[in-house]
Structures are given as structure tokens and as C-alpha cells.
Amino acid sequence: MTNSTEAQKPQNTKKNKKKGATLDTFYGAKIQNTEQIEEDIQENSPKSSKGNRNSPQTHEEFESERTKKMEALWEEKWEMMQKKFTHLQNQFDQTVKENQALKQELIKQSQNTKKLEENIKYLTDKVIDLENRGRRENLRIIGLPEKPEINTKLDMVIQDIIKENCPEILEQGGNTATDRAHRTPSTLNPQKTTPRNVIAKFQSYQTKEKILQEARKRQFRYKGMPIRVTQDLASSTLNDRKAWNMIFRKARELGLQPRISYPAKLTIYFQGKVWAFNKIEDFQLFAKKRPELC
Numbered sequence: 001m002t003n004s005t006e007a008q009k010p011q012n013t014k015k016n017k018k019k020g021a022t023l024d025t026f027y028g029a030k031i032q033n034t035e036q037i038e039e040d041i042q043e044n045s046p047k048s049s050k051g052n053r054n055s056p057q058t059h060e061e062f063e064s065e066r067t068k069k070m071e072a073l074w075e076e077k078w079e080m081m082q083k084k085f086t087h088l089q090n091q092f093d094q095t096v097k098e099n100q101a102l103k104q105e106l107i108k109q110s111q112n113t114k115k116l117e118e119n120i121k122y123l124t125d126k127v128i129d130l131e132n133r134g135r136r137e138n139l140r141i142i143g144l145p146e147k148p149e150i151n152t153k154l155d156m157v158i159q160d161i162i163k164e165n166c167p168e169i170l171e172q173g174g175n176t177a178t179d180r181a182h183r184t185p186s187t188l189n190p191q192k193t194t195p196r197n198v199i200a201k202f203q204s205y206q207t208k209e210k211i212l213q214e215a216r217k218r219q220f221r222y223k224g225m226p227i228r229v230t231q232d233l234a235s236s237t238l239n240d241r242k243a244w245n246m247i248f249r250k251a252r253e254l255g256l257q258p259r260i261s262y263p264a265k266l267t268i269y270f271q272g273k274v275w276a277f278n279k280i281e282d283f284q285l286f287a288k289k290r291p292e293l294c
């Protein structure tokens, strides 16, 4: 009895290849990976066999099927790309529209801001003008010494100034009475060495104007001490006038007969004409074209 060992046939097990799990997903659509399609095609491809010439699937059929699958795959991918491109194009168009809307809004806001700035300037100038008009009967006296005997009798001191510098006003019977007179600012700053200004409000505008005209002609004094008498104006207007100081002094040296007119305008007499300037930049441009003024 011959021992015949039965040939063990290897189990026909398929290796569980780990198929590509990567899925292209776009808006919920899942597409098989190209590599997985290739694996499926290889598994289903016809096996060559010597004993069996008639394979269940001819090579032509296999190639045709493979081509169809690849075409379907690329068509699906192409549709996905078209959808994605369309989505991006829509987003871009929407962004462009929003950007244009923002630009229009920005232009509108800029125009509104410009109008507001113009209105603010108009109202500010109006308030300053009203304040200056409210001070039209006032004179500002600069350089009057800070002494108790002066500060307590400012009304009488002003009358003494009128008698000393323009007695003709009194001789003509002008009303030189004042409603009030006070120092400004109200509190004394010990750090400053110059005396505070005195503001005097006259009952008669005509008398105030006569005193002011005389003060422009000559140096006023109080008991021999030089003082200045000017029109009282709003602080902002005074600052605008002070900005002309250097140019004013230079124009005086050149004999241009400079004058600061209301509210803060420089006028000069040059080459037989009167020239007026509202801004320092305007005068600088004027002088630049005329070397004799530099």
C-alpha cells in the first residue's frame, strides 16, 4: 500500500489590498479615486489561459469597458471642476459687486464729511463773528501796570487815560462813560511778568471809535508809561492776527504801510495799489514773485 499524500492546494485567497480610500468630495458628491478604478479594472481583466482559448471577455471588450470607465471618471471630474469654477466665479462676482458698493458708499461718506466740515467752518466763523460783534464797544488796554490802586479803580484809570491822550473828546462833550472794566484773565498767573490786559466796555460806540482812531495815530501813555489801546476781539481772531506779526513788522520796515483789517486780513500799499491778503500763504506767494519784498 503506497502512501500517497494528497497534494495540498494553496487556498485561493485574494490579498485584501488596501484600496485607495481617498475620495474627492465636493458639495456631497463622492467620486472614486482613479487608482481604485485602475485596480478594479485589473482585477476584472481577462486572464490568459493555455487550456482555455475562449476567455469569457475578449481583449477588445475589456479595452472598450476600461475606456468607458475612464471616460466616465474624467467626465465626472470635469463636471466637478466646472461646478467648483462656477462657484468661485460667483463668489468673485459677488465680491466685486460688494467692493463697488463699498466704493460708492465711501465716496458718499467723503462727500458728506466734506459738507459737514464746510458747515462746521461756516458755523464756527458765524459764532466768532457774533462774538466779535458783541465786543464792538470794547477796548483792550495792554501794558497797564498790575497795582492794587489801579485794579480797584479801573473806571477812573480809563478816564485818566482819555484825559492824558485825547482830551479833545472830553472837550467836545463826548460820552466817555464805561459800563464796566476788568482784567483778563480774571486770575493773575504768578509765572507771567507782563500785566494782564484790561477790557473796557464803553456806553458809546462812537466815543470808543474816536479813542481807537487816536490810538492808531500815536503812542498812548498812562502817567508817562507807554500802553497800547486796541479793539477787543475774540481770542481766535486775536490769534489769527498774531500770526501776521513777523510779516507785519517786515512790511513796516519796507514802508508798505501795513494794516490788519477785520477780522484778520493784511493790507499793504505797494506800487500805487492797495493789496489785501486773507492768508499768510497768499502773501508769501505774492512776495516770492517780487524780489524787492524778500
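So in UniProt numbering, spot 90 of the sequence shown is number 90, and the numbers just go up one at a time. Backbone N, C-alpha and C define an ideal beta-carbon position, used for all residues, glycine too.
Original post:
Does DSSP put residue 269 in a helix, in a strand, or in coil?
Top reply: The sequence position of residue 269 within the sequence shown is 269, counting from 1. The answer is strand: DSSP assigns residue 269 an E or B state.
Original post:
CB residue 266 to CB residue 247, shorter than 8 Å?
Top reply: Working through the sequence shown from its first residue, we reach residue 266 at position 266. Working through the sequence shown from its first residue, we reach residue 247 at position 247. Yes, they are a contact pair.
**OP:** Assess, as a yes-or-no matter, whether the region 133–142 is touched by the region 219–231 under the definition of 3 or more beta carbon pairs within less than 8 Å.
**Re:** yes
**OP:** Return the residue from the list 243, 294, 100, 154 that minimises the CA-CA distance to residue 201.
**Re:** Within the sequence shown, numbered from 1, the residue matching residue 201 stands at position 201. It is 154.
Original post:
What are the boundary residues of the alpha helix (DSSP H) that residue 69 is part of?
Top reply: As a working mapping, residue 69 is identified with position 69 in the sequence shown. 59–134 is the span of the alpha helix (DSSP H), which, as asked, contains residue 69.
**OP:** Decide if the region 277–293 is in contact with the region 249–266; the criterion is three or more beta carbon pairs, one per stretch, under 8 Å apart.
**Re:** yes
Original post:
Do residue 137 and residue 205 have their C-beta atoms within less than 8 Å of each other?
Top reply: Here residue 137 refers to the residue found at position 137 of the sequence shown. Here residue 205 refers to the residue found at position 205 of the sequence shown. Contact flag set, yes.
Original post:
Opposite residue 257 in the DSSP bridges: which residues?
Top reply: By one-based count along the sequence shown, residue 257 stands at place 257. DSSP output for residue 257 lists no bridge partner at all.
**OP:** Using three-state DSSP, classify residue 277 as helix, strand or coil.
**Re:** As a working note, residue 277 is residue 277 in the sequence shown. Correct three-state label for residue 277: strand.
Original post:
Looking only at DSSP bridge pairs, what is residue 202 linked to?
Top reply: As a working note, residue 202 is residue 202 in the sequence shown. Per DSSP, 178.
Subject >> Where the alpha helix (DSSP H) through residue 226 begins and ends >> reply: The residue you call residue 226 lines up with position 226 of the sequence shown. It is not in any alpha helix (DSSP H) - residue 226 instead sits in the beta strand (DSSP E) that spans 225–231.
**OP:** Grab me the residues of residue 162's own chain with a C-beta within less than 8 Å of its C-beta, minus the 5 sequence neighbours each way, in chain order.
**Re:** The residue labelled residue 162 in the question sits at position 162 within the sequence shown. Within the same chain, residue 162 has close Cβ partners 169, 170, 176, 211.
Original post:
So is residue 290 buried or exposed if we call it buried at 16+ other beta carbons inside 10 Å?
Top reply: Walking along the sequence shown from the start, residue 290 turns up at place 290. The residue is exposed, with fewer than 16 neighbouring Cβ atoms inside 10 Å.
**OP:** Determine the contact status of residue 158 and residue 184, defining contact as a CB-CB distance below 8 Å.
**Re:** One-based indexing of the sequence shown puts residue 158 at position 158. One-based indexing of the sequence shown puts residue 184 at position 184. No, these two residues do not count as a Cβ contact at 8 Å.
**OP:** Run the CB neighbour count on residue 22, radius 10 Å, all protein chains shown included, and call it buried at 16 or more, exposed below.
**Re:** Translated into positions along the sequence shown, residue 22 becomes position 22. For residue 22, the pLDDT reaches just 42, beneath the cut-off of 50, and the residue's location in the model is therefore unreliable, although a value from the coordinates is still provided. Exposed is the call here.
Original post:
For the ligand ATP, is there a heavy atom less than 7 Å away from the beta-carbon of residue 96?
Top reply: Ligands in the displayed structure: none, and consequently the ligand ATP is not present.
Subject >> Under 8 Å between C-beta atoms of residue 241 and residue 165 >> reply: Within the sequence shown, residue 241 is the residue found at index 241, counting from 1. Within the sequence shown, residue 165 is the residue found at index 165, counting from 1. In this structure, residue 165 does not lie closer than 8 Å to residue 241 by Cβ.
Original post:
Cβ atoms of residue 285 and residue 254: under 8 Å apart, would you say?
Top reply: Taking the first residue of the sequence shown as position 1, residue 254 is located at position 254. Taking the first residue of the sequence shown as position 1, residue 285 is located at position 285. For residue 254 and residue 285, no; Cβs fall outside 8 Å.
Original post:
Is residue 128 closer than 8 Å to residue 261 when the C-beta atoms are compared?
Top reply: Residue 261 sits at position 261 when you count from the first residue of the sequence shown. Residue 128 sits at position 128 when you count from the first residue of the sequence shown. Not in contact: residue 261 and residue 128 (Cβ atoms no closer than 8 Å).
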